[in-house]
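Residue numbers (my numbering), protein chains in the order written: chain X, 401 to 815; chain P, 401 to 815.
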């Protein structure tokens with residue numbers, strides 16, 4: 401039985417607010433978020449669409465990938481085994497491959513989950529460059545309401561790097577974890593009696609578990625708090641900030657959207673849906689140090705200070721539970737970084753398999769939207785990272801061979 | 401205090417599912433429906449946008465209008481006094497005026513309320529012409545689930561003309577009227593314990609108050625039932641039917657949308673939002689007997705059988721409470737008809753002041769989106785009808801004068 405088919409769908413085929421994050425629902429749900437939860441439009445705007453020039457490239461499917469399990473595999477097998485909905489690869493600014501699966505198309509907005517965080521992080525970086533936001537200022541400068549909460553003495557920098565000491569458990573499968581109460585408050589699950597009304601009302605209830613500035617602990621609430629700071633600092637709502645500061649300058653080809661709570665607050669930590677091609681444009685922007693042509697869209701400092709891996713940021717990550725799955729990594733300005741054979745990769749990650757992969761050494765931008773049945777899947781995550789890593793190495797080597805061939809030809813012509 | 405301003409808005413400025421239809425909320429709410437209620441996209445599609453050629457016309461504001469109250473007024477005063485959000489007038493296929501108020505723009509989707517019904521009626525008419533739907537067939541042929549309900553022995557024709565005998569009170573301000581329970585079931589108001597889940601589950605609970613085929617009684621439920629029949633007959637959901645059968649052939653310039661209930665059913669009776677310019681295109685289509693150029697988009701029979709006013713349809717209306725406000729009118733195929741000084745006008749109407757006005761004798765198409773603070777307002781309704789009527793007469797007379805001037809000039813040139 402196909403989920404959500406029929407008028408109305410049979411009860412067992414219905415996807416609603418109560419079950420959209422369940423394993424059988426996610427494939428349909430992630431493509432139809434506005435049909436489940438109220439949403440705000442992130443306008444692509446009237447400007448011209450930025451072209452995605454196409455690279456004439458070879459079949460990539462047989463590029464070898466060693467999986468987390470240790471087995472030998474290849475690029476296509478990894479993509480095929482990890483519930484992929486959409487895949488885009490850009491190399492040195494050119495589209496190498498663009499594929500859609502299981503009915504997804506180039507016009508299908510797909511839920512980004514926490515890839516949204518990296519977008520919100522860029523908004524914060526832009527506002528900082530505009531002088532509207534001071535990363536070292538206390539959060540309560542912008543949002544006095546949280547002065548008495550766990551965020552009372554945190555700084556914006558602590559939010560950007562997820563190093564507050566706020567008590568917030570991101571345990572998706574634990575019914576009474578803080579993330580569950582937050583999801584109910586922000587309209588991602590049915591509200592229960594007594595739950596705060598709205599994401600911001602919820603944030604003001606959070607308490608402190610320890611000092612700020614310590615280890616990295618992945619907390620979606622920190623990004624929602626960051627989004628609140630951005631809205632107060634700019635007097636604009638997140639949907640409009642993303643549109644004017646990023647999607648319009650990017651030359652996005654489709655409106656994106658963000659789910660909103662019952663009082664009109666966008667869900668900064670994971671509520672954006674976008675077509676994959678516009679994510680490829682965003683990934684390319686990150687690869688190109690925040691520039692599109694001559695226009696600096698995201699300030700170079702926002703990216704540089706993340707790429708350069710400050711020692712304390714690395715130590716904060718090493719002390720976290722994430723070190724086990726992504727050894728040597730770090731988290732800065734709402735981006736993940738993972739070491740690869742060819743330098744570090746900047747990675748935007750969302751549960752259930754959402755990823756933008758950016759490697760400046762290999763010139764590779766990878767976008768993968770997925771419907772993993774579970775929120776976390778270390779093997780699928782690591783295998784996908786390795787697949788993009790291997791592809792970057794392969795394309796660079798192929799490029800080297802082509803350059804070599806070209807220089808040989810040139811020499812041949814000369815003689 | 402501006403409604404929905406601030407991050408988050410102050411409690412008194414919040415608009416949510418609980419209060420969006422209240423007087424202070426409607427202006428903001430009708431422009432932001434997707435932010436309050438889940439919705440489905442009605443795609444404008446990739447085709448070219450149909451141009452709206454501009455007429456070089458005089459200022460229309462001083463065209464005289466006699467109001468329902470008996471006072472003498474003019475076109476601009478009527479528009480200014482009736483909470484107008486958007487106004488478009490086409491005459492003989494050309495745009496005479498296009499105005500937006502109180503922050504509404506040409507890109508703002510506005511809730512159509514029951515203007516949606518006329519769109520769904522056209523979908524039914526098109527499906528009938530395609531042989532997918534028989535107007536004289538029983539409703540239960542398409543939806544066996546309602547066989548035991550009040551709709552059990554009704555025909556599709558009864559739905560089209562709102563002449564079922566189903567017990568359904570459309571009394572917006574009566575808390576226990578059927579329309580209120582339906583709104584809770586379909587996600588337009590917070591659901592109460594025991595309410596059916598979804599619009600269709602609700603329809604199956606309705607009972608019969610009297611025989612079908614009697615007097616006209618305005619019942620939104622009949623249109624929802626009609627939409628259910630359309631979806632079953634075509635195996636497509638209403639959002640996609642409106643897109644492929646109407647919005648794409650129309651050359652719509654923006655995606656429209658339709659609110660949906662918790663199991664993904666579009667709200668056929670009033671859930672569509674559209675930009676006003678696309679409604680002008682739809683109105684022009686109705687003026688032009690369903691044709692766009694040489695393409696017959698809406699079957700001519702669907703419109704002709706409505707314009708021609710069958711005697712029993714007129715009698716059904718004369719027996720209804722609507723005769724008092726719209727004397728001499730009739731309701732057929734989900735369109736209202738009202739007599740004017742220059743022939744009958746076809747009118748699509750929605751509560752709180754939504755209207756498309758089409759007069760084939762004067763060649764006038766009027767679109768007015770409003771935010772009346774109350775659902776019903778006889779004076780605003782009648783004054784708007786008279787304003788469009790007077791404008792049609794005025795433009796025709798001006799056209800006659802111009803033609804006369806042209807023929808005189810021609811004669812002058814000849815001599």
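Note that the Cβ used here is the ideal one computed from N, Cα and C, for glycine as well. Only a predicted model underlies this, so the values are computations on that prediction, with no experimental measurement involved.
Where residue i sits in the DSSP three-state scheme
{"i": "residue 487 of chain P", "result": "strand"}
{"i": "residue 632 of chain P", "result": "helix"}
{"i": "residue 756 of chain X", "result": "strand"}
{"i": "residue 616 of chain P", "result": "coil"}
{"i": "residue 409 of chain P", "result": "strand"}
{"i": "residue 764 of chain P", "result": "strand"}
{"i": "residue 402 of chain P", "result": "coil"}
{"i": "residue 708 of chain X", "result": "coil"}
{"i": "residue 839 of chain P", "result": "Here chain P has residues from 401 to 815 only, and residue 839 of chain P is not among them."}
{"i": "residue 675 of chain X", "result": "coil"}
{"i": "residue 638 of chain P", "result": "helix"}
{"i": "residue 588 of chain P", "result": "coil"}
{"i": "residue 427 of chain P", "result": "helix"}
{"i": "residue 478 of chain X", "result": "helix"}
{"i": "residue 794 of chain P", "result": "helix"}
{"i": "residue 647 of chain P", "result": "helix"}
{"i": "residue 501 of chain P", "result": "coil"}
{"i": "residue 454 of chain P", "result": "strand"}
{"i": "residue 514 of chain P", "result": "coil"}
Inter-residue spacing [alpha-carbon to alpha-carbon] between residue i and residue j
{"i": "residue 588 of chain X", "j": "residue 589 of chain P", "result": "18 Å"}
{"i": "residue 654 of chain X", "j": "residue 547 of chain P", "result": "44 Å"}
{"i": "residue 471 of chain X", "j": "residue 463 of chain X", "result": "14 Å"}
{"i": "residue 540 of chain X", "j": "residue 568 of chain X", "result": "19 Å"}
{"i": "residue 527 of chain P", "j": "residue 634 of chain P", "result": "7 Å"}
{"i": "residue 601 of chain P", "j": "residue 420 of chain P", "result": "24 Å"}
{"i": "residue 418 of chain X", "j": "residue 663 of chain P", "result": "11 Å"}
{"i": "residue 415 of chain P", "j": "residue 712 of chain X", "result": "44 Å"}
{"i": "residue 454 of chain X", "j": "residue 603 of chain P", "result": "52 Å"}
{"i": "residue 477 of chain P", "j": "residue 758 of chain X", "result": "59 Å"}
{"i": "residue 727 of chain P", "j": "residue 432 of chain P", "result": "35 Å"}
{"i": "residue 772 of chain P", "j": "residue 638 of chain X", "result": "30 Å"}
{"i": "residue 718 of chain P", "j": "residue 649 of chain P", "result": "36 Å"}
{"i": "residue 538 of chain X", "j": "residue 615 of chain X", "result": "19 Å"}
{"i": "residue 474 of chain X", "j": "residue 747 of chain X", "result": "21 Å"}
{"i": "residue 457 of chain P", "j": "residue 738 of chain P", "result": "27 Å"}
{"i": "residue 523 of chain P", "j": "residue 790 of chain P", "result": "31 Å"}
{"i": "residue 703 of chain X", "j": "residue 686 of chain X", "result": "8 Å"}
{"i": "residue 497 of chain P", "j": "residue 510 of chain P", "result": "18 Å"}
{"i": "residue 608 of chain X", "j": "residue 801 of chain X", "result": "56 Å"}
Beta-carbon proximity check, residue i vs residue j, cutoff 8 Å
{"i": "residue 551 of chain X", "j": "residue 632 of chain X", "result": "no"}
{"i": "residue 761 of chain P", "j": "residue 442 of chain P", "result": "no"}
{"i": "residue 502 of chain P", "j": "residue 427 of chain P", "result": "yes"}
{"i": "residue 388 of chain X", "j": "residue 619 of chain X", "result": "This structure cannot speak to residue 388 of chain X, because chain X is shown only from 401 to 815."}
{"i": "residue 756 of chain X", "j": "residue 775 of chain X", "result": "no"}
{"i": "residue 437 of chain P", "j": "residue 438 of chain X", "result": "yes"}
{"i": "residue 490 of chain P", "j": "residue 765 of chain P", "result": "yes"}
{"i": "residue 520 of chain P", "j": "residue 612 of chain P", "result": "no"}
{"i": "residue 508 of chain P", "j": "residue 672 of chain P", "result": "no"}
{"i": "residue 680 of chain P", "j": "residue 767 of chain P", "result": "yes"}
{"i": "residue 591 of chain P", "j": "residue 584 of chain P", "result": "yes"}
{"i": "residue 661 of chain X", "j": "residue 577 of chain X", "result": "no"}
{"i": "residue 553 of chain P", "j": "residue 731 of chain P", "result": "no"}
{"i": "residue 621 of chain X", "j": "residue 586 of chain X", "result": "no"}
DSSP bridge partner residues for residue i (one or two, in chain order)
{"i": "residue 691 of chain P", "result": "P/696"}
{"i": "residue 656 of chain X", "result": "X/442"}
{"i": "residue 745 of chain P", "result": "P/738"}
{"i": "residue 769 of chain X", "result": "X/486"}
{"i": "residue 732 of chain X", "result": "X/735"}
Presumed contact (8 Å Cβ cut-off) between residue i and residue j, rounded CB distance
{"i": "residue 536 of chain X", "j": "residue 563 of chain X", "result": "So it is not a contact: roughly 13 Å between Cβ atoms."}
{"i": "residue 735 of chain X", "j": "residue 716 of chain X", "result": "Actually they do not touch by this definition, with Cβ atoms about 14 Å apart."}
{"i": "residue 754 of chain P", "j": "residue 515 of chain P", "result": "5 Å"}
{"i": "residue 628 of chain X", "j": "residue 445 of chain X", "result": "The Cβ separation is near 25 Å, so there is no contact."}
Closer than 8 Å to chain C by CB, residue i
{"i": "residue 417 of chain X", "result": "Absent from the structure is chain C; the protein chains it does hold are X and P."}
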